[in-house]
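Student:
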Amino acid sequence: MPSTLPPIPWTMKYKPKFLSEVIGNEESKKKIVEWLRSWEKGVPGKKALFIYGPPGVGKTATVEALANDFNMEVIITDASTYRTEETVKRLAGRASQLGSLFGKRKVIVFDELDGITGTSDTGGLSEIIRVIENTRVPVILIANDAWDPRFAPLRNISLLVEFKRLSTTEVMKHLARICAKEGIVAEEKALKFIAERSSGDVRSAVLDLQALAQGKDKLTYEDVSWLAMRDRKEEIFNVLRTILYAKSVNSAKMAVNMSDVDLDMLFEWIYENIPYHIKNPSELAAAMDAISRADLYRGMLKETGDYSFLRYMIDWMTAGVAFSWSKKATGWVPFRFPERIKTASVTKEEREILEEIGKRIGKRCHLSSSRAIVEVLPYLAIILQNNPKIGKRIARWLNLTDDMISFIMKRSG
Amino acid sequence: MGYELWTEKYRPRTLDEIIDQDEIVARLKSFVKAKNVPHCIFAGPPGTGKTTAALCLAHDLYGENYREYIMELNASDERGINVIRETVKTFARTKPIGEVTFKLLILDEADNMTDDAQQALRRTMERYSETARFILIANYSGKIIEPIQSRCAPFRFTYLPADAVAKRIRHICDKEDVEITDDGVEAILELSGGDLRKTLNILQTAASIGKPVTADLVYAVVGKANPADIRDMMLTALNGDFIAARNKLRELTRRYGLAGTDIIRQIHGEVFRLNIPDSWKVKLTDIIGEVDYRLVRGATEEIQLSALLARLVEAGYEMKKSLK
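For the record, the sequence lines run as chains A and B. By numbering that gives the first Met the number 0, the letter at position 253 of the first sequence is numbered 252, and the numbering carries on one by one without gaps. By numbering that gives the first Met the number 0, the letter at position 110 of the second sequence is numbered 109, and the numbering carries on one by one without gaps.
So this is what it looks like as structure tokens:
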């Protein structure tokens, strides 16, 4: 059983303690290590290091892990303390003046520089420059965008180190490690999906993983695939609105190209949402007729593999639906997630058991699995419920296991 | 012992035991006499004895050990034509010993095969025809490709007439010591519509609950077997609540795994019992037929059926309007 402790963010729980645990950006990490080493021989030419790169690729994690490796004390300053010149001066200035004759060596870190306000002439930035000029300990600057014009004076006096987005494989490795520690068996496909979706942002990937997998002992692709929809929600809402309320055939049809939302997915969204927007019965019937025609062409496409049916499918699901009603908006109506997609994933395991039951019944009764489920199983379920003694005997004669029998009874109960 | 499904317990073992279907039985008997069987297509609705006839033919042809000489495959279960081809290859490699020089391959639900798979099947049938004869079983012979049809002897099975089914019901009730009322028999006949499998399933289920088997009991059993009360779903739509009706449809298909074709059949039967103008009944049957046709063409059950429900909503609305 999973622990019942309040959830600690896994980004904290699995923060790398040592540099060896930080994934990716090997070259950049080497550069930082070399620079820190150079301090052991005296103050180097560049007293500040400027690490930059997209969010969640391990910039801060690298610095913190390194400090641990080097047994250094980190004096970290972040966006919240950049408000005024005074605080920067007090925190960092003091630290830089104190040497490292006694106790731990120090490293001053200015994180989240992007959050700083003003220019180098005023406020915190000018104070940071002063800190660098006067420091006797390493100073590390961290930002997403080093090329922000405001940072020009900082760039000139720092050694620039870029952190790049992590590869899918690297992110997956990290996720797999977490799953192993949490005792979660994860499908590779599921981890790949999360990793790909994070576009190299390992922090967001870990947060997604936690949201999806915490407390489970298994993570399947089906569990994660709906994530794609979450990102696309706004996008899909826009497309849906454009289609349902289109004023011309062309604008309805064009809506499909507004985004790269999967066409099958868009179809399901339209199908789900029609009755929530179109209330007049005749218009509803016409709209449902349009979407069912689109479905027919979709079916023919799938049966024949002939993609010329695609254009009719698109015509009917967009313009066909849009022009089946008078578009009198009934106030704001929220869009709803397609039930068909949700329910399909809920019953995957059930479906597998059912199929096996169907197979066994079918074997005895000369039927295919699917027909056994429809034509025999319902009756068996009733017998089991009302006359378990006989029902179980028949079920055993059908070669059903006890697990299957209780599955049937639970399902019909 | 004795606790098996009656559909199996009372499945005829020999051609002589088959009730009704006289013409078919006569032709099959002539095959047995000649000790030769051509490739065959057994086509017809469910529960009319197609698989039974094939098994009985095999029994009469090969004797008690007929199982050694036949193979049963189900096209809906076997993954792809390659599995079927490989199975046939192994199966047809050896000739049986005895007077009959070929084995019998029974391919059920053959109409569920794609055209391409059927083409491949046709070649397999030809290549091994010396050592294996095929009996293809299908609901619709129209879905079997021409080149196969032209190589097969066609057999058309039809729903059994009500009196033959009633006789069968009473015969089994005698054997099983089950008391059944006249209206109980009537109810089963009405609900099973000549489908013998369904008939026996309903009868056995009702008999396991209580005796005597009455019409009420039969309706209760069938109502529960299809708890997805289709009538209720239709009435919900007629009353104007499309979303609720669609949810009921989802309940039917998802929870109880009801097949779309089954739902359509029941909707069709139900339409004529609804309290709506006759003109709408005609209109609706047209739409139901269209849905059925579309499903054959590869459309999605839920979407087609909910479009049908939307029509019912419209029908209900029109009716209310005309009343005002």
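No residue lacks a Cβ here, since even glycine has one placed at the ideal position from N, Cα and C.
Just to make sure I have the definition right: I need the residues of chain A whose C-beta is within less than 7 Å of the C-beta of Gly297 of chain B. Which are they?
Tutor: Ordered by position in chain A, the residues that pass the 7 Å Cβ test against Gly297 of chain B are Gly298, Met299, Lys301 and Glu302.
Student: List the whole-angstrom C-beta distance separating Leu18 of chain A from Lys28 of chain A, where the pair is believed to meet the contact cut-off of C-beta under 8 Å.
Tutor: Right, the Cβ-Cβ distance comes to about 6 Å (below 8 Å), so this counts as a contact.
Student: Tell me the rounded alpha-carbon separation between Phe154 of chain B and Ser128 of chain B.
Tutor: Near 19 Å, if we compare the C-alpha coordinates of Ser128 of chain B and Phe154 of chain B.
Student: Between the alpha carbons of Ile83 of chain B and Ala293 of chain A, how many angstroms are there, rounded?
Tutor: If you take the alpha carbons of Ile83 of chain B and Ala293 of chain A, they lie about 34 Å apart.
Student: Would you verify that the beta carbon of Leu190 of chain A is, or is not, closer than 8 Å to some beta carbon of chain B?
Tutor: With 8 Å as the cut-off, Leu190 of chain A does not count as an interface residue toward chain B.
Student: So which residues of chain A does Gln118 of chain B contact, with C-beta pairs closer than 8 Å?
Tutor: Per Cβ cutoff of 8 Å: no residues; Gln118 of chain B is ~15 Å from chain A at best.
Student: What separation, rounded to the nearest whole angstrom, lies between the Cα atoms of Val32 of chain A and Val160 of chain A?
Tutor: Approximately 11 Å, taken between the alpha carbons.
Student: Using 8 Å as the threshold, is the C-beta distance between Thr157 of chain B and Gly268 of chain B below it?
Tutor: Taking 8 Å as the Cβ cut-off, Thr157 of chain B and Gly268 of chain B do not qualify as a contacting pair.
Student: Kindly indicate if chain B contains any beta-carbon less than 8 Å away from that of Ile352 of chain A.
Tutor: Chain B, which has no Cβ nearer than 8 Å to the Cβ of Ile352 of chain A, makes this no.
Student: My assumption, with CB atoms under 8 Å, is that Ile269 of chain A sits in contact with Val320 of chain A. Please give the rounded CB distance.
Tutor: Contact flag correct, Cβ pair sits at about 6 Å.
Student: Using a cut-off of 7 Å between C-beta atoms, extract the partners of Leu112 of chain A located in chain B.
Tutor: Within chain B, no residue comes near Leu112 of chain A; the closest Cβ sits about 53 Å away, beyond 7 Å.
Student: Would you please verify whether the beta carbon of Ile325 of chain B is less than 8 Å from any beta carbon of chain A?
Tutor: Any question about residue 325 of chain B goes unanswered here, given that chain B covers just 0 to 323.
Student: Determine the chain B residues that contact Cys364 of chain A at a beta-carbon separation under 7 Å, and present them in chain order.
Tutor: Result: Leu4, Thr6 and Glu7.
Student: Do you know offhand how far Lys8 of chain B's Cα is from Lys409 of chain A's?
Tutor: Going from the Cα of Lys8 of chain B to the Cα of Lys409 of chain A covers about 27 Å.
Student: Of the choices B:Asp76, B:Lys166 and B:Ile302, whose alpha-carbon is the least far from that of Leu188 of chain B?
Tutor: Comparing Cα-Cα distances from Leu188 of chain B to each of B:Asp76, B:Lys166 and B:Ile302, the minimum goes to B:Lys166.
Student: In chain A, which residues lie less than 7 Å from Phe241 of chain B when you measure between Cβ atoms?
Tutor: Those are Pro274 and Leu283, listed as they occur along chain A.
Student: On the three-state DSSP scale, how would you describe Ala306 of chain B?
Tutor: It is helical.
Student: Give every residue of the same chain whose Cβ lies closer than 7 Å to the Cβ of Lys215 of chain A, excluding the five residues on either side of it in the sequence, and list them in chain order.
Tutor: For Lys215 of chain A, where only same-chain residues beyond five positions count, the Cβ hits under 7 Å are Ile183.
Student: Can you give me the Cβ contacts of Tyr296 of chain A inside the same chain, cut-off strictly under 8 Å, excluding the 5 residues immediately before and after it?
Tutor: Only Phe308, Leu309, Tyr311, Met312 and Trp315 meet the Cβ criterion.
Student: Look at Cys55 of chain B and Cys151 of chain B and say whether their C-beta atoms are less than 8 Å apart.
Tutor: No, Cβ-Cβ distance for Cys55 of chain B and Cys151 of chain B is not below 8 Å.
Student: Run through the DSSP bridge pairs and tell me what Met71 of chain A is partnered with.
Tutor: A:Arg104.
Student: When DSSP labels each residue in this structure, what does Phe266 of chain A get in the three-state scheme?
Tutor: In the structure shown, Phe266 of chain A sits in a helix (DSSP, three-state: H, G or I).
Student: Does the beta-carbon of Arg10 of chain B, which I'm using as the reference point, lie nearer than 7 Å to any heavy atom of the ligand MN?
Tutor: By its list of ligands, the structure shown contains no ligand whatsoever, and the ligand MN lies outside what it can speak to.
Student: Kindly indicate which residue of B:Glu77, B:Lys247, B:Asn246 and B:Ile242 has the alpha-carbon position closest to the one of Ile277 of chain A.
Tutor: Cα-wise, what sits closest to Ile277 of chain A is B:Ile242.
Student: Run through chain B and tell me which residues come within less than 9 Å of Arg176 of chain A, C-beta to C-beta.
Tutor: The premise fails here: Arg176 of chain A is roughly 37 Å from chain B at the closest Cβ pair, so nothing lies under 9 Å.
Student: From which residue to which residue does the beta strand (DSSP E) around Lys215 of chain A run?
Tutor: Note, Lys215 of chain A: premise wrong, no beta strand (DSSP E); not H, not E.
Student: Comparing C-alpha positions only, which one of B:Leu103, B:Phe90, B:Leu14 and B:Ala306 sits nearest to Glu282 of chain A?
Tutor: The shortest Cα separation from Glu282 of chain A among B:Leu103, B:Phe90, B:Leu14 and B:Ala306 belongs to B:Ala306.
Student: What's the C-alpha gap between Val345 of chain A and Glu351 of chain A?
Tutor: Any reading at Val345 of chain A is ruled out, since the residue's pLDDT is 39, under 50, leaving its predicted position unreliable.
Student: Whole angstroms is fine: what's the gap from Tyr218 of chain B's alpha carbon to Ser203 of chain A's?
Tutor: Going by the C-alpha atoms only, they are around 57 Å apart.
Student: What's the gap between the Cα of Thr51 of chain B and the Cα of Arg10 of chain B?
Tutor: The straight-line gap from Cα to Cα measures roughly 7 Å.
Student: By alpha-carbon positions, which one of B:Glu77, B:Ser29, B:Val36 and B:Tyr65 ends up nearest to Arg12 of chain B?
Tutor: Closest by alpha carbon: B:Tyr65.
Student: Please state whether DSSP places His173 of chain A in a helix, a strand or coil.
Tutor: Note: His173 of chain A maps to helix in three-state DSSP.
Student: Hey, quick one: how far does the alpha helix (DSSP H) through Lys55 of chain B stretch, first residue to last?
Tutor: The question names Lys, yet the displayed sequence has Cys at residue 55 of chain B. Run containing Cys55 of chain B: Lys49 to Tyr61, per the alpha helix (DSSP H) assignment.
Student: In chain order, what residues of the stretch 64–78 of chain B put their CB closer than 7 Å to some CB of chain A?
Tutor: The stretch 64–78 of chain B vs chain A, Cβ under 7 Å: Glu71, Asn73, Ser75 and Asp76.
Student: Does the Cβ-Cβ distance between Leu283 of chain B and Arg310 of chain B come in under 8 Å?
Tutor: In this structure, Arg310 of chain B lies closer than 8 Å to Leu283 of chain B by Cβ.
Student: Around the Cβ of Asn70 of chain A, are there at least 16 other Cβ atoms within 10 angstroms (buried) or fewer (exposed)?
Tutor: Asn70 of chain A is exposed by the Cβ-count criterion.
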